[in-house]
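Q:
Residue numbers (our numbering): 1 to 606.
(1) Pull up the CB-CB distance for residue 408 and residue 463, whole angstroms please, since I reckon it's below 8 Å.
(2) Can you tell which of 249, 320, 258 and 359 has the C-alpha that lies nearest to the C-alpha of residue 283?
(3) Just reading off the alpha helix (DSSP H) that residue 194 is part of, what are its end residues?
(4) Between the Cα of residue 607 and the Cα atoms of 118, 318, 142 and 416, which residue gives the shortest distance?
(5) Mind listing, in chain order, the continuous alpha helix (DSSP H) runs of no fewer than 4 residues lying wholly within the region 538 to 582?
(6) Quick check on the DSSP output: the alpha helix (DSSP H) that includes residue 280 runs from which residue to which?
(7) Which one or two residues does DSSP pair with residue 586 in a beta bridge?
(8) In whole angstroms, give me the CA-to-CA distance for residue 523 and residue 549.
(9) For residue 248, count the other beta carbons within 10 Å of its own beta carbon; 16 or more makes it buried, fewer makes it exposed. Which is it?
(10) Between the C-alpha atoms of residue 104 and residue 566, what's the straight-line distance to the nearest angstrom?
(11) Can you name the residues that DSSP bridges to residue 462?
(12) Using the rule of at least 16 other Cβ atoms within 10 Å of the residue's Cβ for burial, across every protein chain shown, is residue 313 buried or exposed?
(13) Skipping 5 residues on each side, what residues in its chain have a beta carbon closer than 7 Å to that of residue 68?
(14) Quick test of your reading: residue 153 and residue 134, contact by CB under 8 Å. State the CB separation rounded to the nearest angstrom.
(15) Looking at C-alpha atoms only, which residue of 443, 8 and 176 is the closest neighbour of residue 479?
(16) Relative to the alpha-carbon of residue 178, which residue among 386, 401, 405 and 423 has its alpha-carbon at the smallest distance?
(17) Taking C-alpha atoms, which residue in 371, 197, 26 and 269 lies nearest to residue 305?
(18) Mind checking whether residue 364 and residue 204 have CB atoms under 8 Å apart?
(19) For a test of the three-state rule: what should DSSP assign to residue 85, helix, strand or coil?
(20) How far does the beta strand (DSSP E) with residue 422 in it reach, from first residue to last?
(21) Nearest to residue 530 by CA position, among 498, 330 and 375, is which residue?
(22) Give me the Cα-Cα distance between residue 271 and residue 344, rounded to the nearest whole angstrom.
(23) What is the rounded straight-line gap between the Cα of residue 624 and the Cα of residue 308?
(24) What are the boundary residues of the alpha helix (DSSP H) that includes residue 135?
(25) Are at least three pairs of beta-carbons, each pair with one atom in the region 166 to 180 and one in the region 75 to 85, less than 8 Å apart?
(26) For residue 41, count neighbouring Cβ atoms within 10 angstroms of its own Cβ and tell me buried if that reaches 16, exposed if not.
(27) Which one or two residues does DSSP pair with residue 513 in a beta bridge?
(28) From 416, 434, 318 and 79, pick the residue whose C-alpha is nearest to that of residue 589; which is it?
(29) Is the CB of residue 36 under 8 Å away from at least one CB in chain D?
(30) Between the Cα of residue 196 and the Cα atoms of 534, 212, 165 and 110, which residue gives the shortest distance?
(31) Beta-carbon separation of residue 512 and residue 501 under 8 Å?
(32) Can you tell me the Cα-Cα spacing of residue 19 and residue 333, whole angstroms?
(33) Between the alpha carbons of residue 28 and residue 35, how many angstroms are there, rounded?
(34) Just to check my reading of the structure: residue 395 and residue 148 have Cβ atoms closer than 8 Å, yes? What is that Cβ distance to the nearest angstrom?
(35) By Cβ distance below 6 Å, which residues in the same chain neighbour residue 22 in space, the five residues on each side in sequence not counted?
(36) Out of curiosity, what's the CA-to-CA distance linking residue 94 and residue 144?
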């Protein structure tokens, strides 16, 4: 493990220790506030008992009101501390996860197993999704939408212009350096992962719902009431006649709220339960709006958020969060009687909801879609940060096939166990036939080339010292198996896969990775069929690699010396043990180990 990666580990460990200290200090403060609240309740109870001696109802009510306000202040103070503690706990979790990813490849985000698709051109063969997959390595998305964006990036098999990939590389590199911004973004969204709720869809649905439309007359009445209710309350303490007017106002306002209960309930039900989500999205939008992005790629990526025509999305979500708080304050007997009775609280809240929706939520679906895009990009950017020794691939516009790599390895193999290989396509000899014994590394090498190409086309760094690659579509033929569900044999599945490849190469630039073709038939038909396929691939001027145990196929190099070339992975038998170096070599394999391995389990080989 190189020194730079050790620095990354040191950073994550330092952050974890720092957050542990902050969390402990906050826990002490929270416990003290709990004690203070208990003491306050005892003092307030004693004070209220004393006011009863004056036999003044309004003085007693005033003392209760004052005590409630002070108690609410203590609750608010403690709630702020708890929220801060939870935020630090999220930060700690994020840094622990990154540390685990570097040391143990353990990720608490979704591994993408639900997106495993055997029919896809390469995703299943290259282990893009599921346990110990590329998605498991890369993913840091909490939202369903962010996960979907990242999945589409990896599964997209349409060639992307080289200049677009280069711009994306610059953008991802910028995001990788914004550690504080990135971890803030992740921590603000962790609640969606933990809750399992699709808040983005809920918010989009709410933004598109029709307003309930509170009459303008009610609004005028509320504004007048707001101006007069304060003096009326103050006067009622000292002027008994005003108390009757206050009681009439209380009854009238309660009746109005009852008449409007249906529309109030409809609005409240749409956003209640989203208080935390709204507050977190407000923080996320605020962090994006205040971040000064440098690259044109990142500026363009977030323009749906930063180019809002009226106000900002952070202020819009702050208003929505405040709105939920208003509804919650009235969701109790005290709130129903006092707040609605004195201030028409819920009627005003419903009107405010309509105004926010009318003025500010027209573009919210685009902004939330941008959040998902940014979340997926931040996931890829962490590969840059956690793997500073990985290469940034050079993607070319060349029409010819180019795939030149130095010291390439499989990113899902533990670093200490990786064996690197170098490989280069020549434009004259476009198809490589790789032979080798069982377990020597043929399949892993094909997957190494495939999975790193996927990373390159995503704009991510690759597990290599150097890479130059042209844009092409990837097609794999590796894990072919029968299907009881489809009533299809292995051989039929192989035929279907070959047919799919032959159709694809007719209209697009494809680089294929074939591992042991036609394994579901007899050896004679297998050779004849494999030879026919290679002839067709040569005729169609295609490029790729064929790994095989069938040594006969290497004789085709004599027929096509300017198109085919051979490589192999070797095995050595040393003191009764099969030894592999997993190193790609030019030429043909001469040593095989199948007979040796069978003899080891007690079979006699003639």
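The beta carbon of each residue, even a glycine, is placed where N, CA and C say it ideally should be.
A: With the given structure in hand:
(1) Position 408 of the chain shown holds residue 408. Position 463 of the chain shown holds residue 463. So it is a contact: roughly 7 Å between Cβ atoms.
(2) As a position in the chain shown, residue 283 is number 283, starting the count at 1. Selected option, being the one with the closest Cα: 320.
(3) As a working note, residue 194 is residue 194 in the chain shown. Note, residue 194: alpha helix (DSSP H), 179 to 195.
(4) For the chain, the structure presents residues 1 to 606; residue 607 sits outside this window and is missing.
(5) 556 to 559
(6) Taking the first residue of the chain shown as 1, we reach residue 280 at position 280. Residue 280 -> alpha helix (DSSP H) spans 275 to 290.
(7) One-based indexing of the chain shown puts residue 586 at position 586. DSSP, once it has assigned bridges, lists 567 as partnering residue 586.
(8) Stepping through the chain shown from its first residue, residue 523 is reached at position 523. Stepping through the chain shown from its first residue, residue 549 is reached at position 549. Straight-line Cα distance between these residues: approximately 11 Å.
(9) For the purposes of this step, residue 248 is taken as residue 248 along the chain shown, with counting starting at 1. So residue 248 ends up on the exposed side.
(10) Reading the chain shown from its first residue, position 104 is the one you call residue 104. Reading the chain shown from its first residue, position 566 is the one you call residue 566. Whole-angstrom Cα-Cα distance: 36 Å.
(11) Position 462 of the chain shown, counted from the first residue, corresponds to residue 462. According to DSSP, residue 462 bridges with 391.
(12) For the purposes of this step, residue 313 is taken as residue 313 along the chain shown, with counting starting at 1. It is buried - the Cβ of residue 313 has at least 16 other Cβ atoms within 10 Å.
(13) In the chain shown, counting from the first residue as 1, residue 68 sits at position 68. For residue 68, where only same-chain residues beyond five positions count, there are no Cβ hits under 7 Å.
(14) Along the chain shown, read from residue 1 onward, the residue named residue 153 stands at position 153. Along the chain shown, read from residue 1 onward, the residue named residue 134 stands at position 134. The pair is not a contact, with the Cβ atoms about 11 Å apart (cut-off 8 Å).
(15) Against the chain shown, residue 479 aligns to sequence position 479. Comparing Cα positions, the closest option is 443.
(16) Taking the first residue of the chain shown as position 1, residue 178 is located at position 178. When only C-alpha atoms are compared, the closest one is 386.
(17) As a position in the chain shown, residue 305 is number 305, starting the count at 1. Cα-wise, what sits closest to residue 305 is 371.
(18) Here residue 364 is taken as the residue at index 364 of the chain shown, counted from 1. Here residue 204 is taken as the residue at index 204 of the chain shown, counted from 1. Cβ distance < 8 Å, so residue 364 and residue 204 count as in contact.
(19) For the purposes of this step, residue 85 is taken as the residue at position 85 of the chain shown. Residue 85 falls in the helix class under three-state DSSP.
(20) Residue mapping note: residue 422 aligns to position 422 of the chain shown, counting from 1. Its beta strand (DSSP E) spans residues 421 to 424.
(21) For this step, residue 530 is matched to residue 530 along the chain shown. Minimum Cα distance to residue 530 is reached at 498.
(22) The residue labelled residue 271 in the question sits at position 271 within the chain shown. The residue labelled residue 344 in the question sits at position 344 within the chain shown. Each residue's alpha carbon lies about 19 Å from the other.
(23) No answer is possible for residue 624: it lies beyond the span of the chain, which begins at 1 and ends at 606.
(24) Here residue 135 refers to the residue found at position 135 of the chain shown. Segment 134 to 138, the alpha helix (DSSP H) holding residue 135.
(25) no
(26) In the chain shown, counting from the first residue as 1, residue 41 sits at position 41. By the neighbour-count rule (16 or more Cβ atoms within 10 Å), residue 41 is not buried but exposed.
(27) As a first step, residue 513 is located in the chain shown; it is residue number 513 there, counting from the start. Bridge partners of residue 513: 476 and 545.
(28) For the purposes of this step, residue 589 is identified with residue 589 of the chain shown, where counting begins at 1. Closest option to residue 589, Cα to Cα, is 434.
(29) Absent from the structure: chain D. Only one protein chain is present.
(30) The residue you call residue 196 lines up with position 196 of the chain shown. Closest option to residue 196, Cα to Cα, is 110.
(31) Here residue 512 corresponds to residue number 512 of the chain shown, with the count starting at 1. Here residue 501 corresponds to residue number 501 of the chain shown, with the count starting at 1. Closer than 8 Å, so yes.
(32) Against the chain shown, residue 19 aligns to sequence position 19. Against the chain shown, residue 333 aligns to sequence position 333. Near 40 Å, if we compare the C-alpha coordinates of residue 333 and residue 19.
(33) Within the chain shown, residue 28 is the residue found at index 28, counting from 1. Within the chain shown, residue 35 is the residue found at index 35, counting from 1. If I take the Cα positions, the gap works out to 11 Å.
(34) By one-based count along the chain shown, residue 395 stands at place 395. By one-based count along the chain shown, residue 148 stands at place 148. Not a contact, Cβ separation roughly 25 Å.
(35) As a first step, residue 22 is located in the chain shown; it is residue number 22 there, counting from the start. Excluding residues within five positions, the ones whose Cβ falls inside 6 Å are 88.
(36) One-based indexing of the chain shown puts residue 94 at position 94. One-based indexing of the chain shown puts residue 144 at position 144. Taking the straight line from one Cα to the other gives about 18 Å.
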